[in-house]
Every structure is written in C-alpha cells, then in structure tokens.
Amino acid sequence: MSAPDTLMKQELMEQKAALSAKADVQELDFYYGDFQALKTISMPVYEHQVTALIGPSGCGKSTFLRCFNRMHDLYPGNRYQGRIVLHPDNSDLLAPDVDPIEVRMRIGMVFQKPNPFPKSIFDNVAYGLRVRGENSRRRIEEKVEGALHDAALWDEVKDRIHEPAYNLSGG
C-alpha cells in the first residue's frame with residue numbers, strides 16, 4: 714500500500730473513532746413468514762451523520778427501516794432475529810420485553826407516499842396526542858387545528874375534518 718493510501722486509511726479510521734454511534738444493528742435477519750427478507754445486516758448508525766440506503770426496488774430498504782420502529786409487529790407471522798441497540802442506554806429495540814408502542818413514540822417514520830391510518834383526518838392528526846395520554850377534547854382540538862395550520866392544510870380540510878383521511882389528495 715502506498716503512503717497516500719495508508720494515510721487516507723488512517724484518516725478514515727480516526728474519523729470513525731471520533732463518531733458516536735447512535736444505534737448498532739447486529740446480525741439482523743427479518744422474515745415475512747418463511748421468506749427471509751433481510752440477511753445478517755450489521756452496521757452502526759452514527760449521530761449527526763447522513764446514512765443512505767441505496768439499492769433496487771424490492772431489495773429490503775424499507776423492510777430494514779421498518780424494523781427500527783417495529784412496524785412489522787402489526788402483522789402476524791413476521792419475525793426478527795438479531796438486535797438493534799440504541800445508545801447510550803444500550804436498549805435493544807427488538808427485545809421481547811420492549812413495548813413496540815414505546816418504540817414508535819421514540820422513532821417515527823416519514824413515508825415516501827402518504828400512509829394515513831384508516832380513520833378521519835382529525836383522528837390521524839390527534840393519534841399521537843391520544844397515545845401520549847392526552848384526554849382533554851378541547852386541548853386535542855386546539856393542537857389538531859394548530860398542526861394543520863402549521864402544515865398549511867387547515868383551509869383545505871377544515872370543512873371535512875371528520876371525513877376519512879384516505880380522501881386527501883397525495884399532493
């Protein structure tokens with residue numbers, strides 16, 4: 714190896730050592746029933762760094778990401794093997810004693826395409842408040858209206874807020 718190559722390799726190792734892993738994926742396998750969709754994935758996810766997953770359609774990118782917030786638990790027959798460890802508390806997101814609802818409150822997903830719950834527009838926006846234990850109807854209504862204003866959707870939906878969210882346009 715040439716001196717410049719050795720120097721570059723050393724610099725990369727020093728940069729990695731300076732990074733702090735926010736999560737570690739350790740030998741992750743995922744199965745849809747008998748079909749193994751993910752095979753022995755191990756990788757760190759560094760804090761304050763961009764991590765890109767690149768690959769062709771159907772190669773498992775979305776399946777991998779859904780493991781982080783236990784979306785697969787919503788369907789029977791799916792199963793995980795391996796670990797996803799969050800730092801600094803070293804909690805394994807996939808451990809059987811970890812509540813998937815708690816995981817989803819810590820790790821959200823933004824989908825490429827809209828993916829509303831089969832509920833009204835109001836109930837979709839209010840869902841997070843209710844999961845967190847908010848019971849005041851007035852407070853929920855205020856927060857929902859505020860969120861829709863912030864998202865520049867209020868004028869579009871104010872007259873049909875109790876209609877199914879599936880009726881919203883994708884744009």
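Quick note, the sequence shown lines up with residues 714 to 884 if you use the numbering used here. Built from N, CA and C at the ideal position, the CB exists for glycine as well.
Report task. Would you kindly report the start and end of the unbroken beta strand (DSSP E) that includes residue 748? Result -> 748 to 759
Query raised in the report: How about residue 736 and residue 776: do their beta carbons lie closer than 8 Å?
Result: no
**Report entry** Cα-Cα separation, residue 879 to residue 849
**Finding:** 26 Å
Report task. Taking residue 787 as the reference, give the member of 817, 794, 770 with the closest Cα. Result -> 817
Requested in this report: Using a threshold of 8 Å, state whether the C-beta atoms of residue 795 and residue 740 are closer than that.
Outcome: yes
Requested in this report: Tell me where the alpha helix (DSSP H) around residue 836 begins and ends.
Outcome: 834 to 844
Query raised in the report: Alpha carbon to alpha carbon, what distance is there between residue 853 and residue 808?
Result: 33 Å
Requested in this report: Could you check which residue in 861, 778, 797, 815 has the C-alpha nearest to that of residue 822?
Outcome: 778
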